[in-house]
Amino acid sequence: MSDPYVLTVNGAERRVDDAWLGESLLYVLRERLGLPGSKTGCEQGECGSCSVAVDGELVCACLVLAASAVGTTITTVEGLQPERGDFTDVQRAFVDEGAVQCGFCTPGLVMAVHDLLDRTPEPSDLDIREAISGNLCRCTGYGRVVAAVEAAVAVRRGVAASGVAP
Amino acid sequence: MDVLLPTTIDEVVTARAERPEAMLLAGGTDLMVAVNAGLRAVPSVVALRAVDDLRAWARQGDEVVVGAGVTYRRLLGPELAALVPGLAEAARTVGSPQIRSVGTLGGNLGTASPAGDALPVLVALGATVELAGPDGARSLPLTAFVTGPKRTALGAAEVVTAVRVPVASGAQQYRKVGVRNAMVIAVASVALVVDTAHRRIGVGLGSVGPVPLPAPEASAFAAEAVDWSTGSLVELSAARRFGELVAAATSPIDDHRSTAAYRRLAVAVLAERCLRTACAAPRAPGEVAA
Chain A
197 MSDPYVLTVN GAERRVDDAW LGESLLYVLR ERLGLPGSKT GCEQGECGSC
247 SVAVDGELVC ACLVLAASAV GTTITTVEGL QPERGDFTDV QRAFVDEGAV
297 QCGFCTPGLV MAVHDLLDRT PEPSDLDIRE AISGNLCRCT GYGRVVAAVE
347 AAVAVRRGVA ASGVAP
Chain B
2 MDVLLPTTID EVVTARAERP EAMLLAGGTD LMVAVNAGLR AVPSVVALRA
52 VDDLRAWARQ GDEVVVGAGV TYRRLLGPEL AALVPGLAEA ARTVGSPQIR
102 SVGTLGGNLG TASPAGDALP VLVALGATVE LAGPDGARSL PLTAFVTGPK
152 RTALGAAEVV TAVRVPVASG AQQYRKVGVR NAMVIAVASV ALVVDTAHRR
202 IGVGLGSVGP VPLPAPEASA FAAEAVDWST GSLVELSAAR RFGELVAAAT
252 SPIDDHRSTA AYRRLAVAVL AERCLRTACA APRAPGEVAA
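Spelled out as structure tokens, the structure:
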């Protein structure tokens, strides 16, 4: 058992009690903090379905030792929307473009695409493919995912051109 | 709590000395895989995330000192990539954006996998590894630091603090073979460093021996094959012979990822391509290639 510790997740301070020292951030998010949006896939950093942002960096939550993340700012897929049930522009684009099939990889892909568009608002096709290279999807073959990213870029470009806030 | 988050190198060394059983945690991309799989028990952990001095890098004259906590993502940043392009090329081939965000140069050294992507570049550069421990600081050539597959000369209470490499004075290349472009552990890899200042060509080889290997005969041959007034090969055909000499320097094995025969072939081809690309077109002396 480790001593209790506090993680800052989606803007809230969350206390973690009675944890085993070796628990990953993914495990703590899902099993202790009631945030099951990040999915447990490979648990070795290969599949990207547990992608979250720690201090603004896209990481695999399964490779973060939860107790070492004290003092960082953690954002999960649940933290992207202001209200539960709302969609971000990226999530809307995934739905509109048919990029969601079984949905297991979707939260990780949504996190990866938000990270991409935050850094590179006008990504090339290669930028898009590299940005999602750590996210495995066994349903879509990625064609619809790339289309969704392009659609989200187009929406943001339109918003920027019209001067209307999203 | 059993996770220590020291903020200085001295605190790391003290924590290591007080808890010899504690594991050092850098980016977690190797250690947490083992912990998740139940392969490693976790007695206590010294996490290096909060040590600012490990995350710094600085140019010191003709050298660059890169902190052990510098991530692959930061090695790809424009300033560092201009000073040590070979490390940036290697960093680009590591994992995925998620892995490059957290994986560190020091972690690559601490794990000391024969497939570690930064290691062949460090061999080719003639890098020095800087360590801190209870008896003070010391430094070792990279080839002395890595003593075997996943084995290093790191003492029980020591920590890797930085790597010291020369500023590039010529082209640097890193090429790697794997089953896809992303998320791949090298089946074979070659790093090549052209040092126009010292008229030297450094070579480092990954996944073709128990440790990252130099190729001294191939290096000497290449240095003779280059017209240093232009930086280009006198005869392009020398690149093939260079590849053969590189392959002769390896001692690969058959394993679940590939065969020894394929690895020998792959490093020869990769090395030939590295040399052709790095030393193909005439270049003004001292000019740094992109």
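Chain order of the listed sequences is A and B. No gaps in the numbering here: position 95 of the first sequence is 291 in this note's numbering, and each next residue is one more. No gaps in the numbering here: position 149 of the second sequence is 150 in this note's numbering, and each next residue is one more. Cβ atoms here follow ideal geometry from the backbone N, Cα and C, with glycine treated the same way.
Proximal residues to residue i (C-beta, below 7 Å), its chain only, five neighbours per side dropped
{"i": "Val188/B", "result": "Val178, Gly179, Ser208, Arg258, Ser259, Arg264, Ala267"}
{"i": "Arg56/B", "result": "Gly68, Gly70, Val71"}
{"i": "Val65/B", "result": "Trp58, Leu84, Val85, Val166, Val168"}
{"i": "Thr9/B", "result": "Val52, Asp54"}
{"i": "Val95/B", "result": "Tyr73, Arg101, Gly104, Asp118"}
{"i": "Asp63/B", "result": "Pro167, Val168"}
{"i": "Val341/A", "result": "Ala295, Leu305, Ile328, Cys333"}
Backbone secondary structure at residue i - three-state DSSP
{"i": "Leu206/B", "result": "strand"}
{"i": "Gly68/B", "result": "strand"}
{"i": "Met24/B", "result": "strand"}
{"i": "Tyr263/B", "result": "helix"}
{"i": "Ala192/A", "result": "Since the first residue of chain A shown is 197 and the last is 362, residue 192/A is not available in this structure."}
{"i": "Leu332/A", "result": "coil"}
{"i": "Thr30/B", "result": "coil"}
{"i": "Val52/B", "result": "coil"}
{"i": "Arg201/B", "result": "strand"}
{"i": "Arg284/B", "result": "A caution first: Arg284/B carries a pLDDT of 48, below 50, which makes its placement in the model too unreliable to give a value."}
{"i": "Val223/A", "result": "The displayed chain sequence assigns Tyr, not Val, to residue 223/A. DSSP places Tyr223/A in helix when its eight states are reduced to three."}
{"i": "Tyr338/A", "result": "coil"}
{"i": "Leu76/B", "result": "helix"}
{"i": "Thr162/B", "result": "strand"}
{"i": "Asp6/B", "result": "Reading off the sequence, residue 6/B comes out as Leu, not Asp. In this structure, Leu6/B counts as coil in the three-state DSSP scheme."}
{"i": "Val36/B", "result": "helix"}
{"i": "Leu214/B", "result": "strand"}
{"i": "Val268/B", "result": "helix"}
{"i": "Arg352/A", "result": "helix"}
{"i": "Val47/B", "result": "strand"}
{"i": "Arg41/B", "result": "coil"}
{"i": "Val178/B", "result": "strand"}
{"i": "Ser320/A", "result": "coil"}
{"i": "Val185/B", "result": "coil"}
{"i": "Asp155/A", "result": "In this structure chain A extends from 197 to 362, so residue 155/A is not present and cannot be described."}
{"i": "Glu236/B", "result": "coil"}
{"i": "Ser220/B", "result": "helix"}
{"i": "Ala157/B", "result": "coil"}
Beta-carbon separation (whole angstroms), residue i vs residue j, contact threshold 8 Å
{"i": "Val164/B", "j": "Ala116/B", "result": "So it is not a contact: roughly 18 Å between Cβ atoms."}
{"i": "Ala224/B", "j": "Ile202/B", "result": "5 Å"}
{"i": "Val273/A", "j": "Pro303/A", "result": "4 Å"}
{"i": "Leu377/A", "j": "Cys243/A", "result": "The structure shown has nothing for residue 377/A, since chain A only spans 197 to 362."}
{"i": "Gly111/B", "j": "Tyr175/B", "result": "Wrong, their Cβ atoms sit about 20 Å apart, outside the cutoff."}
{"i": "Leu5/B", "j": "Ala48/B", "result": "7 Å"}
{"i": "Gly171/B", "j": "Asp196/B", "result": "6 Å"}
{"i": "Glu159/B", "j": "Ala119/B", "result": "Not quite, the Cβ-Cβ distance comes to about 19 Å (not below 8 Å), so this is no contact."}
{"i": "Val194/B", "j": "Ala125/B", "result": "4 Å"}
{"i": "Cys335/A", "j": "Gln297/A", "result": "3 Å"}
{"i": "Val212/A", "j": "Arg226/A", "result": "Not really, about 12 Å apart at Cβ, beyond 8 Å."}
{"i": "Thr30/B", "j": "Gly108/B", "result": "7 Å"}
{"i": "Leu254/A", "j": "Pro7/B", "result": "That belief does not hold up - the Cβ atoms of Leu254/A and Pro7/B are roughly 26 Å apart, past 8 Å."}
Neighbourhood of residue i by C-beta, 8 Å cutoff - its chain only, sequence neighbours within 5 removed
{"i": "Glu304/B", "result": "Nothing can be reported for residue 304/B, as the shown portion of chain B is limited to 2 through 291."}
{"i": "Thr278/B", "result": "Ala172, Gln174"}
{"i": "Ser140/B", "result": "Thr129, Val130, Glu131, Leu132, Arg165"}
{"i": "Leu81/B", "result": "Trp58, Val65, Val67, Val71, Arg75, Leu88, Ala89"}
Residue span of the beta strand (DSSP E) that contains residue i, given as start and end
{"i": "Ser170/B", "result": "Note, Ser170/B: premise wrong, no beta strand (DSSP E); not H, not E."}
{"i": "Arg210/A", "result": "208-212"}
{"i": "Ser230/B", "result": "It is not in any beta strand (DSSP E) - Ser230/B carries neither H nor E in the DSSP assignment."}
{"i": "Asp196/B", "result": "189-196"}
{"i": "Thr391/A", "result": "Outside the displayed span of chain A (197 to 362) sits residue 391/A, for which this structure offers no information."}
{"i": "Arg60/B", "result": "58-61"}
Same chain only: Cβ atoms within 6 Å of residue i, ignoring 5 sequence neighbours per side
{"i": "Met24/B", "result": "Val46"}
{"i": "Ser102/B", "result": "Arg74"}
{"i": "Pro21/B", "result": "Ala157"}
{"i": "Leu123/B", "result": "Leu143"}
{"i": "Ser252/B", "result": "Gly210"}
{"i": "Cys355/B", "result": "The structure shown has nothing for residue 355/B, since chain B only spans 2 to 291."}
Limits of the alpha helix (DSSP H) - the one that residue i falls within
{"i": "Ile10/B", "result": "10-19"}
Contact test: residue i Cβ vs the ligand MN heavy atom, cutoff 8 Å
{"i": "Gly171/B", "result": "What this structure holds is no ligand at all, so the ligand MN is not there to describe."}
- Counting only runs that start and end within the region 228-311 of chain A, where is the beta strand (DSSP E) found for 3 or more residues in a row? Listed in chain order, they are 247-250, 253-256, 269-271.
- Message: As an exercise, report each continuous alpha helix (DSSP H) stretch of at least 4 residues that is fully enclosed by the region 123-155 of chain B, in chain order.
- Response: Runs found: 143-146.
- Length at least 4, wholly inside the region 238-263 of chain B: the alpha helix (DSSP H) runs in chain order: As far as the region 238-263 of chain B is concerned, its whole alpha helix (DSSP H) runs of at least 4 residues are 239-249.
- Within the region 82-115 of chain B, note down every full alpha helix (DSSP H) run reaching 4 residues or more, in order along the chain. Those alpha helix (DSSP H) runs which fall completely within the region 82-115 of chain B and span 4+ residues are 86-93, 98-103, 106-112.
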